[in-house]
Amino acid sequence: MPKWFNTAGPCQPEIHYMLPPTARFPGIERIIAQRGYFVVHAPRQTGKTTAMLALAQELTASDRYTAIMVSTEVGQPFSHDPDKAVTNILESWRQAARAWLPPDLQPPPWPQVDGNRIGAALEAWCQASPRPLVVFIDEIDALMDDALISVLRQLRDGYPRRPKNFPHSLALIGLRDVRDYKVASGGSNRLQTASPFNIKVKSLTLRNFNQSEILQLYQQHTEETGQQFTTDAIQAAYELTQGQPWLVNALAKEIVEELVPNPEQIIDVSHIYAAKEILIQRQDTHLDSLAERLREDRVRAIIEPILAGQSLPVVPNEDLQYVLDLGLCRLANGGGIVIANPIYREVLPRVLAKVPQASLPMIAPSWLNDQGELIPNALLKAFLSFWRQHGEPLLKSAPYHEIAPHLVMMAFLHRVVNGGGTLEREYAIGTDRMDLCLRYGKTILGIELKVWRQGRTDPLKAGLEQLDRYLAGLGLNQGWLIIFDQRQGLRPIAERTTTEVAETESKRQVTVIRG
1 MPKWFNTAGP CQPEIHYMLP PTARFPGIER IIAQRGYFVV HAPRQTGKTT
51 AMLALAQELT ASDRYTAIMV STEVGQPFSH DPDKAVTNIL ESWRQAARAW
101 LPPDLQPPPW PQVDGNRIGA ALEAWCQASP RPLVVFIDEI DALMDDALIS
151 VLRQLRDGYP RRPKNFPHSL ALIGLRDVRD YKVASGGSNR LQTASPFNIK
201 VKSLTLRNFN QSEILQLYQQ HTEETGQQFT TDAIQAAYEL TQGQPWLVNA
251 LAKEIVEELV PNPEQIIDVS HIYAAKEILI QRQDTHLDSL AERLREDRVR
301 AIIEPILAGQ SLPVVPNEDL QYVLDLGLCR LANGGGIVIA NPIYREVLPR
351 VLAKVPQASL PMIAPSWLND QGELIPNALL KAFLSFWRQH GEPLLKSAPY
401 HEIAPHLVMM AFLHRVVNGG GTLEREYAIG TDRMDLCLRY GKTILGIELK
451 VWRQGRTDPL KAGLEQLDRY LAGLGLNQGW LIIFDQRQGL RPIAERTTTE
501 VAETESKRQV TVIRG
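Every letter in the sequence shown is one number past the one before it in UniProt numbering, and letter 2, counting from 1, is 2.
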């Protein structure tokens, strides 16, 4: 049976390329042996369900445990009706047992009791099982409010009775750690504390693939089909994804099934980058789900200054941990927080620029000559006309106020590159800038965006120095520096938008656009 790269749901080893699923959970069997209750949290589509399903099967096959992964997702619609939620959850658990366990390890009929039905069901199962029961509860944070609190308290109540009358070991599996489970209590939408499940011995998260593991995964395709990946292609896949499992699989799937279906053709760096562009433009479910997170206030408080190149404001430690747990950001080697990988770094501003882009008027591509080549001077003229006429109202449509000019600018440039180019972004905390590289055919245009904020000095000098370095890295001798003036009491954009030519210390020619 042929195998494939998987981008939807848990891997199935008979049809999917996959790595040993529990290798990224060192020490987990020790926790289970110690009768530990623990939490596994990681972003969506990182392999949690695949790993825990495989671990449950391995534990059961060892003849030491009755181990199973179940889910509480079917209780989600009944957050304020715990009894209805539990009815659906217990039926789901019985179906899971029938699918994954032999008859002698399946649970007895659930006890008919008033209240604490989850606790009573687990107690009856432990008493009937010939082996210690190990339960992994997936999608726990699909539950909210009364249903969630009820389940957590029943688990905590039964904990002292393990292993004879309650599960030997138990794990809660979800996107977030316990304190970030959603409840409507005390004016907060978060639990704020681990107290309903303060019996946990550890919170584990699932790390991304390292470069060696990406090589192992892609090598499985080579062994299956004979199609090879170059060393540089493997390196590029790691650099673009930073090992995020869904992205690693999605790049390969796009390449081997669509871009290079001929197994005799070698996969090189160009194919990796072509697949990256397709994924970003298509914004599959995984990438599209990032947009939902960007609307959350505590995510915005961190992502907005990163995109603007500003220093982070004072934010609660748990909010920083939250964006790390969601996989939106990661800690760089120097300890600073950055967007998790280059693909997310492209996706986030594109998502935010969607509303301004949808609000754009029709723009004729006056920046192209008869041969379809981009003419930078014509593009500058088109942008100035667009900005003077539409800049003011479009700024109001941008979802992140601090980077509204950046988003409108990117929305305009996306219209430009839709005809066959690419737009790359660079930004980092504390630099107070965003760099853009527009590639269209043989034309490469380096652009730096700066904001003149209230109470600050003119950013021209710093902008020229920063753009000089950026252009040097691109091998260019000229570029644009755009200074968006956001000080108070200014004339309308149409009146204050101007251009001038400046020169950097390295004698590079810069068109300075003020608006």
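Where a beta carbon is used, it is the ideal one built from N, C-alpha and C, also for glycine.
In this text the structure is predicted, and so the values were computed from the model without any measurement.
- Here I339 is not near L279, since their CB atoms are 8 Å or more apart.
- Taking 8 Å as the cut-off, the beta carbon of Q95 is found no closer than this to the beta carbon of L143.
- In the three-state scheme derived from DSSP, where H, G and I count as helix and E and B as strand, C11 is classed as coil.
- Q12 is classed as exposed because its beta carbon has fewer than 16 other beta carbons within 10 Å across all chains shown.
- The C-alpha of L105 lies about 7 Å from the C-alpha of P130.
- L312 has its alpha-carbon roughly 12 Å from the corresponding atom of V299.
- Contact annotation: the stretch 319-334 does not touch the stretch 355-372, with fewer than three C-beta pairs closer than 8 Å.
- With distances taken between CA atoms, L328 lies nearest to I302 out of R350, I302, L352.
- W4 carries a strand assignment under DSSP once its states are collapsed to helix, strand and coil.
- By the neighbour-count definition (other C-beta atoms within 10 Å, threshold 16), A61 is an exposed residue.
- Per DSSP, reduced to three states, the secondary structure at A67 is strand.
- When C-beta atoms of the stretch 145-158 are compared with those of the stretch 72-92, three or more pairs fall below 8 Å, so the two segments count as touching.
- Spanning the alpha carbons of K507 and L460 requires a straight line of approximately 16 Å.
- Beta-bridge annotation (DSSP): C126 is not paired with any residue.
- When secondary structure is reduced to three states using DSSP, D284 falls in the coil class, being assigned neither helix nor strand.
- For E505, there is no enclosing beta strand (DSSP E), as DSSP gives it neither H nor E.
- Ranked by Cα distance from W387, the options P492, Q321, E296 are led by P492.
- Residue environment for A99: exposed (fewer than 16 other C-beta atoms within 10 angstroms of its C-beta).
- H41 has G174 as its beta-bridge partners, per DSSP.
- Closest by C-alpha distance to T431, out of K450, G446, R415, G372, is K450.
- Closest by C-alpha distance to V417, out of W480, L374, G36, is L374.
- The continuous stretches of alpha helix (DSSP H) do not include I403, and DSSP gives it neither H nor E.
- Apart from the 5 residues on each side of it in sequence, E448 sits with its Cβ closer than 8 Å to the Cβ of R433, M434, D435, L436, G463, Q466, L467, Y470, G479, W480, L481, I482 in its chain, given in chain order.
- Here the alpha carbon of S289 sits roughly 16 Å from the alpha carbon of D297.
- In chain order, V299, L326, L328 place their CB closer than 7 Å to the CB of R293, counting only its own chain and leaving out the 5 sequence neighbours on each side.
- Take E254, set aside five residues on each side of it, and the residues of its chain with a beta-carbon closer than 8 Å to its own are A275, I278, L279, in chain order.
- Excluding residues up to 5 positions away in sequence, L384, W387, R388, G391, I513, R514, G515 lie with their Cβ nearer than 8 Å to the Cβ of T497 in the same chain.
- The closest CA to that of F25, considering only R35, Q34, P10, H41, is found on H41.
- According to the DSSP assignment, K354 belongs to the alpha helix (DSSP H) that extends over 354-359.
- Its chain contains I234 as the residues whose beta carbon lies nearer than 7 Å to that of L215, once the 5 sequence neighbours on both sides are disregarded; these appear in chain order.
- In this structure, DSSP gives T230 a state outside helix and strand, which the three-state scheme calls coil.
- Note: Q478 is bridge-paired with Q509 in the DSSP secondary-structure output.
- Distance between E239 and N341, taken at the CA atoms: about 8 Å.
- Annotation for I306: I429 place their beta carbon closer than 6 Å to its own, counting only its chain and skipping 5 residues before and after.
- For W93, the uninterrupted alpha helix (DSSP H) segment begins and ends at 82-100.
- When rounded, the separation of the alpha-carbon atoms in L175 and K48 is 9 Å.
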